[in-house]
Structures are given as structure tokens and as C-alpha cells.
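So in this note's numbering, spot 97 of the sequence shown is number 97, and the numbers just go up one at a time.
Beta carbons are placed, not taken as given, at the ideal position from N, Cα and C, and that holds for glycine.
Structure first, then comments.
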Amino acid sequence: MEDLSHPEPVRRRCCEGGGRGRGVGVGRGSLLEPTILAALARSEAHGYDLVRIIEEMTDGDLTPDPGGLYRMLRRFEAAGTVISTWEDGDSGPQRRAYKLTDEGRVLLGHWLAHLEERRRVLGVLIDEVRAGLPGGESAETEGGTNDART
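Okay, here's the thing in C-alpha cells:
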């Protein structure tokens, strides 16, 4: 599982540089932003529900740290990428429900283009690494399919 506890700052476009001396798309924490946006594109959700939705979306490969998730949601809200409303809980205190804005959908579109380019680059890198290994494959890639390019 990837640790998503250190989110990158929200930016107007996902592929601009910045954030602790590294570009977006480098490092595991950088996946938090597009993952939250994709989850909210499905439907409005509460913060803790987003953790579950993200785990389901990624077959358990990504489990966001709730603290990092809420920090990112606050940054999104400050940037106008999401809006939140308070809702009465059925059996407890009020909770915030988060919803993606039109600006958030634009940012998600930028992320899609960026992630597709990363997938292309990873496909090239995988092919080069595979070519450098004896027999051309590692034990994990038996069958030789390159999922990074599909």
C-alpha cells in the first residue's frame, strides 16, 4: 500500500512544478490529489467515506491517511476545487459533505492528461528495464504484458 499522508499543494494545473523541491507525479504522495478528485467525480462524499471509496477504487492499493486527506480537502476548498456543506448525522454530530466544482473537474482533466503521459513514460521505462534483464522479464512480469501502456 502507498502512504498518502504527505499531500502536494493544490495548484491550478496539476503538471506545474513545485512542492518540496519535486514535481507533481514524482513520489507516492502526489497521487492523493487526483485520487480524491476522481472519487469526488463519482459522487459527493464525507471525508471518512472518501477513505473507503479510494480503497475500493484502487482495490486496496491506496489507503489515504485521514489527516492528509482532510488537509487536501481544505486546500481544495480554499482553491475553489471543492465545496462542502454541513449535514446532520443520523446518530452523531454534523459532518461535512464534499462535492467537486466545475473548477475541480477542469483540474481532474489536467490530471488525466498528466497521468496518461506518466503511463506512457513508465511503459518506455518498463520496456528498457525488461530489455536489460536476463531473459527479458522479471518473476513478477511473467507473461510479458505491459499494463503501463494500456
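Residue i Cβ short of 7 Å to the ligand HEM heavy atom set
i           : result
residue 121 : Annotation note on the ligand HEM: not contained in the displayed structure, which lists no ligands.
Beta-carbon gap between residue i and residue j smaller than 8 Å
i           : j           : result
residue 151 : residue 112 : Not covered by the structure: residue 151. The range shown for the chain is 1 to 150.
residue 39  : residue 54  : yes
residue 72  : residue 103 : no
residue 69  : residue 47  : yes
Close beta carbons around residue i, own chain, < 8 Å, minus the five adjacent residues each side
i          : result
residue 94 : 86, 87, 88
Residue i: first and last residue of the uninterrupted alpha helix (DSSP H) it sits in
i           : result
residue 101 : Per DSSP, residue 101 belongs to no alpha helix (DSSP H) and is neither H nor E.
residue 35  : 32 to 42
residue 49  : 47 to 57
Same chain, Cβ closer than 7 Å to residue i, five either side skipped, listed in chain order
i          : result
residue 84 : 77, 96, 97, 98
Contacts around residue i, its chain only, beta-carbon distance under 6 Å, and the 5 residues preceding and following it disregarded
i           : result
residue 107 : 81
- Indicate whether the contact test is met: 3 or more Cβ pairs, each with one atom in the segment 118 to 137 and one in the segment 91 to 108, closer than 8 Å. no
Review point. Counting pairs of beta carbons, one from the segment 115 to 122 and one from the segment 55 to 72, are three or more of them closer than 8 Å?
Key: no
Which runs of the beta strand (DSSP E) at least 3 residues long sit entirely within the segment 68 to 99? Give them in chain order. 82 to 87
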